[in-house]
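Student: In the numbering used here, the protein residues as written are 9 to 140. Cβ coordinates follow ideal geometry from the N, Cα and C atoms, glycine included. None of these values were measured; they are calculated from a predicted model.
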């Protein structure tokens with residue numbers, strides 16, 4: 009069967025990451041997303057460019073610590089080992105999902121060979137379903 013989760017568990021990138029810049033773009037998207045979820049005011053267009061420029065040119069393994077540090081400097085979370093590891097995992101997951109998403113649509117999807125049951129867990133019902 010197929011399991012669908014709505015909405016997509018991570019914010020999508022505008023283009024699939026293909027290089028170190030893709031990981032930097034993922035870090036910037038996640039920082040902006042985290043700012044919003046942690047209560048910071050929304051970023052303006054200029055600020056979005058500043059956030060991206062902070063990550064461009066950084067080695068991929070430095071992006072998690074940098075994101076955790078930047079969020080800590082904004083007073084949105086403590087600068088801790090847990091938050092550094094969390095940020096690094098979020099970046100890797102977003103890059104991985106974006107690459108999978110892009111590769112799935114490079115060519116038309118083949119039809120499934122047999123009837124398939126589909127399960128959809130919508131965001132409004134997800135918590136109740138997993139707590140039962």
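Note down, in chain order, each residue of its chain lying with its Cβ closer than 6 Å to the Cβ of residue 91, except the 5 sequence neighbours on either side.
Tutor: 76, 85, listed in sequence order.
Student: From this set, 118, 111, 71, which residue's C-alpha is nearest residue 31's C-alpha?
Tutor: Checked all of 118, 111, 71; the closest Cα to residue 31 is 71.
Student: Report the CB separation of residue 79 from residue 39 in whole angstroms; it is logged as a contact under 8 Å.
Tutor: Correct: roughly 7 Å between the Cβ atoms.
Student: Does residue 101 come out as helix, strand or coil in the three-state DSSP assignment?
Tutor: Reduced to three states, the DSSP call for residue 101 is helix.
Student: Is residue 34 closer than 8 Å to residue 120 when the C-beta atoms are compared?
Tutor: Not in contact: residue 120 and residue 34 (Cβ atoms no closer than 8 Å).
Student: So residue 74 is in the alpha helix (DSSP H); what residue range does that whole segment cover?
Tutor: Start and end: 71-81.
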